[in-house]
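These notes are about the structure you will find just below.
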Amino acid sequence: MPFAPSSSIARLPPYLFNTDHRHRVLTQLRSKATGLEKYIYLNGLKEREPNLFYEILLANMLEIVPILYTPTVGDACSNYSHIWRRPEGLYVTIEHKGHIREVLRQWHAGHSARIAVVTDGSRILGLGDLGANGLPISVGKLDLYVAGAGIKPATTLPICLDLGTNTTKFHDDPLYLGLRRRRPDTPEMDEFMHEFMEAMTEIFPQLLVQFEDFSTDNAFRYLDLFRNQYRVFNDDIQGTGSVVLSGFFNAARLSAAAAGTPLTDQRILFFGAGSAGIGVAKQLLSFFTLQGLSVEEAKSRIWTVDSKGLITADRKGLQEHKKFFARTDYDGPALTKLEDVINYVKPTALLGLSTVRNAFDEQVVRLMSSLNARPIIFPLSNPVSLCEVDYEDAIKWTNGSVIFASGSPYKTLEYNGKRYEPGQGNNMYIFPGIGLGAILAKARHITDSMVEQASIALASSLTDEEKKADLVYPRLVRIRDLSCQIALAVIRAAQKDNVDENLLFRNLSDEALLEYIRAKQWQPTTLNHHLPRL
Ligand SMILES: NC(=O)C1=CN([C@@H]2O[C@H](COP(=O)(O)OP(=O)(O)OC[C@H]3O[C@@H](n4cnc5c(N)ncnc54)[C@H](OP(=O)(O)O)[C@@H]3O)[C@@H](O)[C@H]2O)C=CC1
Ligand SMILES: CC(=O)C(=O)O
Ligand SMILES: [Mg+2]
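Each residue of the sequence shown is one higher than the one before, starting from 1 at the first, in UniProt numbering.
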């Protein structure tokens, strides 16, 4: 018989089937010199070979998450107009006002979205107003929904609302991809947001909406306006609150054991009082109330600091979101220096959500160390370039006694012959599980107790080995299993609050429900997907 090669076989190199394409992809990735180049490479891989992209992500979480997510996603956002290759999400602009339904319908063709991450680009990580360049933050969060919770890629919907930007340098950048205008005033933005949420609910009736990286006033405002009306939550307020509460449970256990004091003796100082700082402070109230304290007693153990110093109730023109924790028991001269505040408060824990690089300097860290056998120091600002203190410095200045978790990842290190492993206090541990639980339960709303139970589930998930290593968060490689446990807790809380529409789960035991959740997680298909598409 004459030899008749098919055209596709002729295009394949002869030895391809004998090589490991995954190995090739990782080698190519690792050959890139900068994080941003790696980001661009992975983005292209996702377009060409999505299954392989997710398989490689799942198998190399520690290496790849910091590229797709914080810190490198911060560079990707800052440079997005310059590195843009292809459409990868939906832009809804202020110019679409009055026609938002039509815009959303375009996406709907062929898609059944279940989870949308929506940013307006006004406060991307700690990098400020990046306008239309904010889209990669929505894309990156949804990559983690897929990798971390097993949400089907085709049901994820990244959205950037382009309402303009007040960062005027973008208006003059010839490559800037967004509208060249300033942001609208509050009434105009409100009209836009109401139309947007109505249209989203009409067109994607089962959709869960995660608000991401809105500037602080709007973050609180739209959460309050929409949380009882739609299936929506704010990741920076609620997700961050939940993840930090979780790490704090475990950190306080270690710190109290070292000090020989009860858990209720914790005194928490927040450096930074924006959407994240206040969101976390509110969530940490339940650390104390779960130990039997009243809300007032819990509140008395929390102090907040902003750019003007210790927040006190007598300060003129205090923003609404700062009032709850404003101290009424301090009437001395304004405390503007962090060290002075620490000397006054004598905190057991110092939490940074300020975007101020190196704000926890040597004096501050040594002072915390002099006050506590094991100080809790969580520099939670992202990306790393805005972190309040580097892990190595925190270890050195406390002689290894610090209980540490940062927003962006740090590497395990050796100090004086001992191995130290940092925690990562980032909402990425929580939102995939909350989303998975809420979607499966068909929850009408995301209630406070769903967020709190997610936190408790994460805190309780440390293995004996992780506890022995003094970890405050479980290892990231277990994220899929963690998301199942969080989803289970979220579903049970939704049932207690009567916001679940999937009533079938009510009859299942925890074991059966956990099994069901596991089975529902999407896996990258393994059938020949390690070969390039022809
Ligand atoms: N680890 C995680 O999972 C998460 C981390 N974050 C990070 O938290 C950070 C803050 O986010 P967000 O709350 O939304 O941002 P905001 O800009 O709303 O808040 C920043 C806060 O820090 C205060 N601040 C700024 N400069 C100083 C200073 N020199 N001294 C003391 N306080 C200062 C601000 O004070 P003032 O009010 O006076 O302006 C404000 O209260 C970001 O870097 C973000 O990436 C956010 C969400 C999740
Ligand atoms: C992690 C995150 O959501 C933030 O830094 O905004
Ligand atoms: Mg965020």
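Positions of the beta carbon are idealized from the N, C-alpha and C atoms, including for glycine.
Strand pairing of residue i, partner residues [DSSP]
{"i": "Ala349", "result": "Ile268, Ile376"}
{"i": "Gly423", "result": "Ala405"}
{"i": "Cys160", "result": "Tyr91, Thr119"}
{"i": "Ile302", "result": "Ile268"}
{"i": "Ile500", "result": "Before going further, note that residue 500 is Asp rather than Ile in the sequence given. Asp500 is bridged to Ala443."}
{"i": "Arg48", "result": "Beta-bridge pairing links Arg48 to no other residue."}
{"i": "Leu458", "result": "Bridge partners of Leu458: none, in fact."}
{"i": "Leu310", "result": "Val305"}
Sequence-distant residues of the same chain with beta carbon closer than 7 Å to residue i, five excluded per side
{"i": "Ile137", "result": "Val73, Cys77, Thr119, Ile124, Glu212, Asp213"}
{"i": "Phe226", "result": "Met197, Val232"}
{"i": "Ser81", "result": "Asn133, Asp173, Leu175, Tyr176, Leu177"}
{"i": "Thr27", "result": "none"}
{"i": "Leu290", "result": "none"}
{"i": "Arg180", "result": "His171"}
{"i": "Ala394", "result": "Val365, Ile377, Val402, Phe404"}
Which of helix, strand or coil DSSP assigns to residue i
{"i": "Asn234", "result": "strand"}
{"i": "Trp84", "result": "coil"}
{"i": "Thr289", "result": "helix"}
{"i": "Val92", "result": "strand"}
{"i": "Cys387", "result": "coil"}
{"i": "Asn18", "result": "helix"}
{"i": "Leu534", "result": "Because the pLDDT at Leu534 is just 48, under 50, the model does not fix this residue reliably, and the value given afterwards should be weighed accordingly. Residue state, collapsed to three classes: coil."}
{"i": "Lys97", "result": "coil"}
{"i": "residue 537", "result": "In the structure displayed, the chain extends from 1 to 534; residue 537 sits before or after that span and is not available."}
{"i": "Lys520", "result": "helix"}
{"i": "Leu175", "result": "coil"}
{"i": "Phe214", "result": "coil"}
{"i": "Tyr330", "result": "coil"}
{"i": "Tyr415", "result": "strand"}
{"i": "Thr186", "result": "helix"}
{"i": "Thr155", "result": "helix"}
{"i": "Leu208", "result": "strand"}
{"i": "Ala394", "result": "helix"}
{"i": "Gly126", "result": "coil"}
{"i": "Leu338", "result": "helix"}
{"i": "Thr261", "result": "coil"}
Per-residue burial, residue i [other beta carbons within 10 Å of its own, 16 or more giving buried]
{"i": "Asn228", "result": "exposed"}
{"i": "His96", "result": "buried"}
{"i": "Asn498", "result": "exposed"}
{"i": "Lys38", "result": "buried"}
{"i": "Pro474", "result": "buried"}
{"i": "Thr328", "result": "exposed"}
{"i": "His321", "result": "buried"}
Residues of its chain near residue i, where Cβ-Cβ distance is below 6 Å and the 5 sequence neighbours each way are ignored
{"i": "Lys346", "result": "Leu371"}
{"i": "Leu157", "result": "Ala113, Ala116"}
{"i": "Asp129", "result": "Ser122, Thr165, Asn166, Thr167"}
{"i": "Ala405", "result": "Gly247, Phe378, Gly423, Gly425, Val472"}
{"i": "Arg518", "result": "Cys484"}
{"i": "Gly239", "result": "Asn427, Ile430, Phe431"}
{"i": "Tyr15", "result": "none"}
{"i": "Ile64", "result": "Leu57"}
Cβ neighbours of residue i in the same chain (closer than 8 Å, five flanking residues each side left out)
{"i": "Gly150", "result": "Leu436, Arg480, Ser483, Lys520, Gln521, Trp522, Gln523"}
{"i": "Asp265", "result": "Ala256, Ala259, Thr348"}
{"i": "Leu318", "result": "Ile311, Ala326"}
Pairwise C-alpha distance: residue j and residue i
{"i": "Gly417", "j": "Glu515", "result": "43 Å"}
{"i": "Phe17", "j": "Tyr230", "result": "50 Å"}
{"i": "Thr348", "j": "Phe360", "result": "15 Å"}
{"i": "Asn382", "j": "Pro409", "result": "10 Å"}
{"i": "Arg11", "j": "Pro50", "result": "21 Å"}
{"i": "Trp303", "j": "Glu202", "result": "42 Å"}
{"i": "His445", "j": "Asp500", "result": "8 Å"}
{"i": "Glu465", "j": "Val384", "result": "28 Å"}
{"i": "Ala494", "j": "Glu362", "result": "45 Å"}
{"i": "Pro71", "j": "Leu386", "result": "10 Å"}
{"i": "Val451", "j": "Leu208", "result": "14 Å"}
{"i": "Glu421", "j": "Ile342", "result": "26 Å"}
{"i": "Ala33", "j": "Tyr69", "result": "18 Å"}
{"i": "Val146", "j": "Ile67", "result": "16 Å"}
{"i": "Ile311", "j": "Leu104", "result": "43 Å"}
{"i": "Leu508", "j": "Ser449", "result": "20 Å"}
{"i": "Phe270", "j": "Arg506", "result": "39 Å"}
{"i": "Leu338", "j": "Asn234", "result": "29 Å"}
{"i": "Pro375", "j": "Leu350", "result": "8 Å"}
{"i": "Ala441", "j": "Leu513", "result": "11 Å"}
For this session: Using the beta-carbon of each residue, find all residues closer than 6 Å to any heavy atom of ligand 5 and list them in chain order.
Result: With respect to small molecules bound, the structure shown includes ligand 1, ligand 2 and ligand 3 and not ligand 5.
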